[in-house]
Amino acid sequence: METEHRVVVGDSRDLADLDADSVDLVVTSPPYPMVEMWDDLFAELNPAIGSALDRGDDGSAFERMHAELDAVWEELARVLVDGGVACINIGDATRTVGGNFRVYQNHSRVIDALDGFGFEPLPELLWRKPANSA
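At position 127 of the sequence shown (counting the first as 1) the number is 128 in the working numbering, and the numbers step up by one without a gap.
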């Protein structure tokens, strides 16, 4: 059996080099919303994110960050073949915004978004990685 493998490194919101329904497997690790080290990147993508964080509006910042990632899931829905698999490495975040400390459940928001784009959920693999939290 002959197979073809291609690694694409770059912005997964725009996979114009790939035809629709042409990919069997995608593995991606996007920036994690509400993880402080990614704030500047998300604010660059949408300045309203930085404004929301500055005023302590964590709910708006969280949703706007995920709206940026939704463009990735939409593009994956375009390029994946029917029955293709998307493996997403995403972690939850803990932080204080506006004086409130909480967990931001990124994995749940991503699963909901993928469901909205027509993906069929498979069992998720949870990796509790204590090194990424205080």
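By construction, the Cβ of each residue, glycine as well, lies at the ideal position given by its N, Cα and C atoms. Quantities reported herein were computed from a predicted structural model and do not represent experimental measurements.
Member of the options whose CA lies at the smallest distance from the CA of residue i
i           : options             : result
residue 67  : 19, 39 and 87       : 39
residue 25  : 8, 32 and 46        : 8
residue 106 : 118, 59, 70 and 92  : 92
residue 63  : 104, 100, 13 and 76 : 104
residue 16  : 110, 119, 5 and 75  : 75
Same chain, Cβ closer than 7 Å to residue i, five either side skipped, listed in chain order
i          : result
residue 21 : 79 and 80
Status (buried if at least 16 other CB within 10 Å, exposed otherwise) for residue i
i           : result
residue 123 : exposed
residue 46  : buried
residue 36  : buried
residue 73  : buried
residue 31  : buried
residue 27  : buried
Any non-hydrogen atom of the ligand NAP within 7 Å of residue i CB
i          : result
residue 29 : By its list of ligands, the structure shown contains no ligand whatsoever, and the ligand NAP lies outside what it can speak to.
Strand pairing of residue i, partner residues [DSSP]
i          : result
residue 96 : 103
residue 36 : Beta-bridge pairing links residue 36 to no other residue.
Which complete alpha helix (DSSP H) runs does the region 40-91 hold, if anything under 4 residues is left out? 40-46, 48-55 and 59-80
Whole alpha helix (DSSP H) elements within the region 100-128, 4-residue minimum: 107-117
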